[in-house]
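Enquirer: Can you keep this structure in mind? I'll have questions shortly.
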Amino acid sequence: MSLVSRMSSRRRTLTAVSVAGALALALTACGANSSDDSATPGTDKPSASASTAGAGHHDSSMPGMKMDTGDGLVAEKDGYRLAANATTLPSGKRTDYRFTITGPGGKPVTRFALEQTKRLHFYAIRSDLTGFQHLHPTMAGDGTWTSALDALRPGSWRVFAQFTPETGAGKGRDFVLSRSVTVPGPAATAAVPKAAATTTVDGYTVTVKGELMAGMAHPLTVTVSKDGKPVTGLQPYLDTYAHLTAFHEGDQAFAHLHPENKVDGGHGGPRLSFHAELAKSGNWRLFLQFRTAGTLHTAALTLHVS
497 MSLVSRMSSR
507 RRTLTAVSVA
517 GALALALTAC
527 GANSSDDSAT
537 PGTDKPSASA
547 STAGAGHHDS
557 SMPGMKMDTG
567 DGLVAEKDGY
577 RLAANATTLP
587 SGKRTDYRFT
597 ITGPGGKPVT
607 RFALEQTKRL
617 HFYAIRSDLT
627 GFQHLHPTMA
637 GDGTWTSALD
647 ALRPGSWRVF
657 AQFTPETGAG
667 KGRDFVLSRS
677 VTVPGPAATA
687 AVPKAAATTT
697 VDGYTVTVKG
707 ELMAGMAHPL
717 TVTVSKDGKP
727 VTGLQPYLDT
737 YAHLTAFHEG
747 DQAFAHLHPE
757 NKVDGGHGGP
767 RLSFHAELAK
777 SGNWRLFLQF
787 RTAGTLHTAA
797 LTLHVS
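Just so we're aligned: 696 in my numbering is position 200 of the sequence shown, and the numbers increase by one with no gaps anywhere.
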(Lines of atoms letter the chains of each structure in order from A and count residues from 1; the text may use other names and numbers.)
(Lines give C-alpha, C1' and ligand atoms only; values in the text may rest on other atoms or scores of the structure.)
Protein backbone atom coordinates (compact mmCIF):
# COMPACT_ATOMS: atom_id res chain seq x y z
CA MET A 1 0.00 0.00 0.00
CA SER A 2 1.33 3.40 -0.92
CA LEU A 3 2.03 6.06 1.69
CA VAL A 4 -0.90 8.16 0.47
CA SER A 5 -3.25 5.18 0.69
CA ARG A 6 -2.10 4.37 4.24
CA MET A 7 -2.64 8.03 5.34
CA SER A 8 -6.11 8.11 3.76
CA SER A 9 -7.07 4.88 5.51
CA ARG A 10 -5.83 6.22 8.85
CA ARG A 11 -7.89 9.41 8.46
CA ARG A 12 -11.00 7.34 7.77
CA THR A 13 -10.38 5.26 10.90
CA LEU A 14 -9.90 8.35 13.10
CA THR A 15 -13.04 9.95 11.69
CA ALA A 16 -15.08 6.83 12.44
CA VAL A 17 -13.78 6.72 16.02
CA SER A 18 -14.61 10.41 16.55
CA VAL A 19 -18.14 9.98 15.21
CA ALA A 20 -18.71 6.90 17.39
CA GLY A 21 -17.42 8.74 20.46
CA ALA A 22 -19.66 11.74 19.82
CA LEU A 23 -22.66 9.46 19.33
CA ALA A 24 -21.91 7.64 22.60
CA LEU A 25 -21.70 10.94 24.48
CA ALA A 26 -24.98 12.11 22.97
CA LEU A 27 -26.72 8.86 23.92
CA THR A 28 -25.33 9.08 27.46
CA ALA A 29 -26.61 12.65 27.81
CA CYS A 30 -30.05 11.64 26.55
CA GLY A 31 -30.14 8.77 29.01
CA ALA A 32 -29.22 11.08 31.90
CA ASN A 33 -32.03 13.51 31.05
CA SER A 34 -34.69 10.84 30.53
CA SER A 35 -35.00 9.95 34.23
CA ASP A 36 -35.71 12.21 37.22
CA ASP A 37 -33.67 9.78 39.34
CA SER A 38 -30.45 10.48 37.45
CA ALA A 39 -28.05 13.25 38.40
CA THR A 40 -24.70 14.28 37.04
CA PRO A 41 -21.92 13.42 39.52
CA GLY A 42 -20.77 16.43 41.46
CA THR A 43 -24.03 18.38 41.03
CA ASP A 44 -27.06 18.76 43.26
CA LYS A 45 -30.20 17.09 42.03
CA PRO A 46 -33.20 19.50 41.98
CA SER A 47 -35.79 18.78 44.64
CA ALA A 48 -39.23 17.50 43.70
CA SER A 49 -40.89 20.68 44.91
CA ALA A 50 -38.55 22.88 42.89
CA SER A 51 -39.16 20.87 39.73
CA THR A 52 -42.91 20.91 40.22
CA ALA A 53 -42.94 24.62 40.97
CA GLY A 54 -41.28 25.25 37.65
CA ALA A 55 -43.79 23.04 35.89
CA GLY A 56 -46.60 25.08 37.42
CA HIS A 57 -44.99 28.35 36.28
CA HIS A 58 -44.72 29.60 39.84
CA ASP A 59 -42.87 32.91 40.04
CA SER A 60 -41.00 33.04 43.33
CA SER A 61 -40.45 36.76 42.86
CA MET A 62 -44.15 37.55 43.32
CA PRO A 63 -45.09 39.54 46.45
CA GLY A 64 -45.59 37.22 49.42
CA MET A 65 -43.58 34.37 47.91
CA LYS A 66 -40.98 33.76 50.60
CA MET A 67 -39.10 30.89 52.12
CA ASP A 68 -40.87 27.95 53.72
CA THR A 69 -42.44 28.82 57.07
CA GLY A 70 -42.86 25.23 58.23
CA ASP A 71 -46.18 23.97 59.58
CA GLY A 72 -46.59 26.70 62.20
CA LEU A 73 -46.88 24.23 65.08
CA VAL A 74 -44.12 25.78 67.21
CA ALA A 75 -44.13 28.82 69.49
CA GLU A 76 -40.47 29.62 68.75
CA LYS A 77 -38.34 29.48 65.62
CA ASP A 78 -34.86 30.84 64.89
CA GLY A 79 -34.98 33.04 67.99
CA TYR A 80 -38.44 34.52 67.35
CA ARG A 81 -41.12 33.61 69.88
CA LEU A 82 -44.86 34.03 70.25
CA ALA A 83 -45.10 34.97 73.93
CA ALA A 84 -48.44 35.02 75.78
CA ASN A 85 -49.55 34.54 79.38
CA ALA A 86 -53.03 33.19 78.70
CA THR A 87 -53.41 29.42 78.51
CA THR A 88 -57.20 29.45 78.91
CA LEU A 89 -59.86 31.71 77.41
CA PRO A 90 -63.51 32.16 78.46
CA SER A 91 -66.34 30.42 76.63
CA GLY A 92 -69.26 32.04 74.87
CA LYS A 93 -68.19 35.67 74.84
CA ARG A 94 -65.86 37.98 72.98
CA THR A 95 -62.44 38.13 74.55
CA ASP A 96 -59.08 39.78 73.98
CA TYR A 97 -55.96 37.71 73.43
CA ARG A 98 -52.73 39.58 74.15
CA PHE A 99 -49.27 38.53 73.06
CA THR A 100 -45.88 39.76 71.91
CA ILE A 101 -43.40 38.62 69.30
CA THR A 102 -39.93 38.58 70.83
CA GLY A 103 -36.76 38.50 68.77
CA PRO A 104 -33.45 36.65 69.19
CA GLY A 105 -32.39 39.10 71.91
CA GLY A 106 -35.54 38.45 73.95
CA LYS A 107 -37.02 41.92 73.42
CA PRO A 108 -40.43 42.54 71.80
CA VAL A 109 -40.29 43.18 68.07
CA THR A 110 -42.07 46.41 67.14
CA ARG A 111 -41.32 46.78 63.43
CA PHE A 112 -43.05 44.48 60.98
CA ALA A 113 -43.27 44.55 57.20
CA LEU A 114 -46.60 44.79 55.43
CA GLU A 115 -47.83 41.43 54.19
CA GLN A 116 -51.04 41.62 52.15
CA THR A 117 -51.68 45.12 53.58
CA LYS A 118 -51.29 44.03 57.25
CA ARG A 119 -48.39 43.97 59.72
CA LEU A 120 -49.58 40.73 61.30
CA HIS A 121 -52.21 38.11 60.53
CA PHE A 122 -53.77 36.24 63.44
CA TYR A 123 -55.75 32.99 63.22
CA ALA A 124 -57.71 30.84 65.66
CA ILE A 125 -58.87 27.28 64.90
CA ARG A 126 -60.49 24.61 67.06
CA SER A 127 -58.97 21.11 67.23
CA ASP A 128 -61.79 19.72 65.04
CA LEU A 129 -61.06 22.48 62.47
CA THR A 130 -64.22 24.43 63.23
CA GLY A 131 -64.59 27.96 64.57
CA PHE A 132 -62.06 29.50 62.15
CA GLN A 133 -61.18 33.15 62.77
CA HIS A 134 -58.79 35.35 60.75
CA LEU A 135 -58.09 38.65 62.48
CA HIS A 136 -55.76 41.63 62.29
CA PRO A 137 -54.81 42.72 65.82
CA THR A 138 -53.52 46.10 66.90
CA MET A 139 -50.07 46.69 68.39
CA ALA A 140 -49.21 49.04 71.27
CA GLY A 141 -45.98 51.00 71.33
CA ASP A 142 -44.30 48.42 73.58
CA GLY A 143 -44.92 45.61 71.07
CA THR A 144 -48.00 44.11 72.77
CA TRP A 145 -50.58 42.89 70.28
CA THR A 146 -54.29 42.66 71.13
CA SER A 147 -56.62 40.47 69.08
CA ALA A 148 -60.37 40.67 69.74
CA LEU A 149 -61.62 37.09 69.37
CA ASP A 150 -65.26 36.30 68.74
CA ALA A 151 -66.97 33.94 71.19
CA LEU A 152 -65.20 30.59 71.45
CA ARG A 153 -66.81 27.21 72.07
CA PRO A 154 -65.34 24.92 74.75
CA GLY A 155 -62.48 22.76 73.62
CA SER A 156 -58.86 22.89 72.54
CA TRP A 157 -57.85 25.74 70.25
CA ARG A 158 -54.65 26.86 68.56
CA VAL A 159 -53.82 30.48 67.75
CA PHE A 160 -51.36 31.44 65.01
CA ALA A 161 -49.42 34.62 64.30
CA GLN A 162 -48.05 35.18 60.78
CA PHE A 163 -45.57 38.04 60.39
CA THR A 164 -42.43 39.32 58.68
CA PRO A 165 -39.85 41.28 60.75
CA GLU A 166 -38.80 44.54 59.15
CA THR A 167 -35.45 44.62 60.93
CA GLY A 168 -33.09 42.25 62.77
CA ALA A 169 -31.84 38.77 62.00
CA GLY A 170 -35.17 37.69 60.52
CA LYS A 171 -35.66 40.72 58.30
CA GLY A 172 -37.73 39.86 55.25
CA ARG A 173 -38.52 36.31 56.40
CA ASP A 174 -42.07 35.07 56.78
CA PHE A 175 -42.74 33.41 60.16
CA VAL A 176 -45.74 31.47 61.45
CA LEU A 177 -45.79 30.71 65.18
CA SER A 178 -48.57 29.29 67.33
CA ARG A 179 -49.69 28.38 70.83
CA SER A 180 -52.51 26.21 72.16
CA VAL A 181 -55.23 27.51 74.47
CA THR A 182 -58.08 25.78 76.27
CA VAL A 183 -61.67 26.97 76.53
CA PRO A 184 -63.25 25.26 79.59
CA GLY A 185 -66.57 23.47 79.34
CA PRO A 186 -68.19 20.45 77.64
CA ALA A 187 -66.17 19.96 74.48
CA ALA A 188 -68.04 17.83 71.98
CA THR A 189 -66.17 17.65 68.68
CA ALA A 190 -67.44 17.31 65.13
CA ALA A 191 -66.04 15.08 62.43
CA VAL A 192 -64.19 16.83 59.64
CA PRO A 193 -66.43 16.80 56.55
CA LYS A 194 -65.42 14.46 53.75
CA ALA A 195 -63.30 15.78 50.91
CA ALA A 196 -65.37 17.58 48.27
CA ALA A 197 -64.65 19.82 45.31
CA THR A 198 -67.60 22.15 45.91
CA THR A 199 -69.20 24.01 48.79
CA THR A 200 -71.69 26.85 49.20
CA VAL A 201 -71.75 29.94 51.40
CA ASP A 202 -74.23 32.83 51.45
CA GLY A 203 -75.68 31.71 48.12
CA TYR A 204 -72.29 31.46 46.40
CA THR A 205 -70.87 28.20 45.05
CA VAL A 206 -67.13 27.70 45.41
CA THR A 207 -65.44 25.01 43.32
CA VAL A 208 -61.84 23.90 43.87
CA LYS A 209 -59.80 22.10 41.22
CA GLY A 210 -56.34 20.63 41.68
CA GLU A 211 -54.68 17.33 42.56
CA LEU A 212 -52.14 17.95 45.30
CA MET A 213 -49.29 15.78 46.55
CA ALA A 214 -47.62 16.33 49.91
CA GLY A 215 -44.47 18.42 49.83
CA MET A 216 -44.84 19.38 46.17
CA ALA A 217 -45.96 22.64 44.63
CA HIS A 218 -49.08 22.45 42.50
CA PRO A 219 -51.52 24.95 41.00
CA LEU A 220 -54.93 25.15 42.65
CA THR A 221 -57.85 26.84 40.93
CA VAL A 222 -60.92 28.26 42.67
CA THR A 223 -64.06 29.29 40.79
CA VAL A 224 -66.89 31.33 42.30
CA SER A 225 -70.43 31.26 40.90
CA LYS A 226 -73.94 32.21 41.99
CA ASP A 227 -77.23 30.83 40.66
CA GLY A 228 -75.24 28.96 38.03
CA LYS A 229 -73.56 32.11 36.70
CA PRO A 230 -69.88 33.06 37.08
CA VAL A 231 -69.19 35.80 39.62
CA THR A 232 -67.06 38.62 38.24
CA GLY A 233 -67.75 41.12 41.01
CA LEU A 234 -65.19 39.98 43.60
CA GLN A 235 -63.83 43.00 45.43
CA PRO A 236 -60.21 43.38 46.57
CA TYR A 237 -59.53 41.87 49.99
CA LEU A 238 -56.04 42.09 51.51
CA ASP A 239 -54.61 43.19 48.16
CA THR A 240 -56.03 40.19 46.31
CA TYR A 241 -59.45 38.85 45.28
CA ALA A 242 -59.48 36.01 47.81
CA HIS A 243 -57.53 34.78 50.82
CA LEU A 244 -57.00 31.06 51.27
CA THR A 245 -55.80 29.33 54.45
CA ALA A 246 -55.57 25.60 55.19
CA PHE A 247 -55.28 23.47 58.36
CA HIS A 248 -54.31 19.80 58.50
CA GLU A 249 -56.68 17.30 60.09
CA GLY A 250 -55.22 15.79 63.25
CA ASP A 251 -52.50 18.26 64.19
CA GLN A 252 -53.80 21.64 62.89
CA ALA A 253 -50.69 22.26 60.78
CA PHE A 254 -50.99 25.62 59.04
CA ALA A 255 -50.60 26.63 55.39
CA HIS A 256 -51.25 29.91 53.60
CA LEU A 257 -51.95 29.34 49.91
CA HIS A 258 -50.59 32.33 48.03
CA PRO A 259 -52.77 34.00 45.37
CA GLU A 260 -51.39 34.39 41.87
CA ASN A 261 -54.06 36.79 40.60
CA LYS A 262 -52.95 40.39 40.90
CA VAL A 263 -55.61 42.96 41.74
CA ASP A 264 -56.56 44.77 38.55
CA GLY A 265 -59.43 47.11 39.25
CA GLY A 266 -62.34 46.81 41.63
CA HIS A 267 -63.82 43.58 40.30
CA GLY A 268 -62.33 40.11 39.90
CA GLY A 269 -63.33 36.51 39.34
CA PRO A 270 -64.73 34.08 38.61
CA ARG A 271 -61.47 32.09 38.30
CA LEU A 272 -58.73 32.46 40.91
CA SER A 273 -55.33 30.75 40.90
CA PHE A 274 -53.27 29.81 43.95
CA HIS A 275 -49.78 28.46 44.56
CA ALA A 276 -50.42 25.42 46.78
CA GLU A 277 -47.72 23.55 48.66
CA LEU A 278 -49.08 21.45 51.53
CA ALA A 279 -46.42 19.64 53.53
CA LYS A 280 -48.40 16.61 54.72
CA SER A 281 -50.68 14.02 53.20
CA GLY A 282 -54.23 13.57 54.45
CA ASN A 283 -57.20 15.89 54.73
CA TRP A 284 -56.83 19.66 54.88
CA ARG A 285 -59.64 22.03 55.76
CA LEU A 286 -59.57 25.05 53.42
CA PHE A 287 -61.02 28.45 54.31
CA LEU A 288 -61.57 30.79 51.36
CA GLN A 289 -62.40 34.41 52.17
CA PHE A 290 -63.73 36.71 49.47
CA ARG A 291 -65.70 39.96 49.37
CA THR A 292 -68.72 41.01 47.33
CA ALA A 293 -70.79 44.18 47.70
CA GLY A 294 -68.87 45.08 50.87
CA THR A 295 -69.57 41.76 52.63
CA LEU A 296 -66.85 39.28 53.54
CA HIS A 297 -67.73 35.61 52.98
CA THR A 298 -65.88 32.57 54.33
CA ALA A 299 -66.30 29.27 52.51
CA ALA A 300 -64.93 26.04 54.01
CA LEU A 301 -64.28 22.69 52.35
CA THR A 302 -62.07 19.63 52.80
CA LEU A 303 -59.31 18.83 50.33
CA HIS A 304 -57.45 15.51 50.30
CA VAL A 305 -53.70 15.57 49.66
CA SER A 306 -51.99 12.38 48.46
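Backbone N, C-alpha and C define an ideal beta-carbon position, used for all residues, glycine too.
Is the region 735-747 in contact with the region 762-779, if contact means three or more CB pairs nearer than 8 Å?
Expert: Touching, yes.
Enquirer: According to DSSP, is residue 743 helix, strand or coil?
Expert: Position 247 of the sequence shown holds residue 743. Strand at residue 743.
Enquirer: Quick one: what does DSSP say residue 635 is sitting in, helix, strand or coil?
Expert: Numbered from its first residue, the sequence shown carries residue 635 at position 139. It is a strand residue.
Enquirer: From the DSSP secondary-structure annotation, give me the bridge partner or partners of residue 800.
Expert: By 1-based counting over the sequence shown, the position of residue 800 is 304. DSSP lists 779 as partners of residue 800.
Enquirer: Using 8 Å as the cut-off, can you tell me whether the region 719-727 makes contact with the region 593-600, which would need three or more C-beta pairs spanning the two stretches below that distance?
Expert: Result no; under three Cβ-Cβ pairs closer than 8 Å.
Enquirer: On the DSSP letters alone, give me the boundaries of the beta strand (DSSP E) that residue 737 sits inside.
Expert: Reading the sequence shown from its first residue, position 241 is the one you call residue 737. Careful: residue 737 lies outside any beta strand (DSSP E) and carries neither H nor E.
Enquirer: Using the three-state DSSP reduction, which class does residue 600 fall into: helix, strand or coil?
Expert: Locating residue 600 in the sequence shown gives position 104, counting from the first residue. Coil, per DSSP.
Enquirer: Could you tell me whether the region 781-797 touches the region 727-740, where touching means 3 or more Cβ pairs closer than 8 Å?
Expert: Short answer: they touch.
Enquirer: Short check: CB of residue 882 to CB of residue 702, under 8 Å?
Expert: The requested residue 882 is not part of the displayed model; the chain covers only 497 to 802.
Enquirer: Return the CA-CA distance between residue 773 and residue 662, expressed in angstroms with no decimal places.
Expert: As a position in the sequence shown, residue 773 is number 277, starting the count at 1. As a position in the sequence shown, residue 662 is number 166, starting the count at 1. C-alpha separation (whole angstroms): 25 Å.
Enquirer: Tell me the rounded alpha-carbon separation between residue 619 and residue 725.
Expert: Locating residue 619 in the sequence shown gives position 123, counting from the first residue. Locating residue 725 in the sequence shown gives position 229, counting from the first residue. About 32 Å.
Enquirer: Which whole-angstrom value is the C-beta distance of residue 568 and residue 676, which I expect to be below 8 Å?
Expert: Start at 1 with the first residue of the sequence shown, and residue 568 comes out as number 72. Start at 1 with the first residue of the sequence shown, and residue 676 comes out as number 180. Not a contact, Cβ separation roughly 12 Å.
Enquirer: Report all residues from its chain with a CB closer than 6 Å to the CB of residue 622; omit the five preceding and five following residues, and keep chain order.
Expert: For this step, residue 622 is matched to residue 126 along the sequence shown. Only 651, 653 meet the Cβ criterion.
Enquirer: Could you pull the start and end residues of the beta strand (DSSP E) that residue 655 belongs to?
Expert: Residue mapping note: residue 655 aligns to position 159 of the sequence shown, counting from 1. Residues 651-659.
Enquirer: Cα separation between residue 765 and residue 632?
Expert: Translated into positions along the sequence shown, residue 765 becomes position 269. Translated into positions along the sequence shown, residue 632 becomes position 136. Their Cα atoms are separated by approximately 25 Å.
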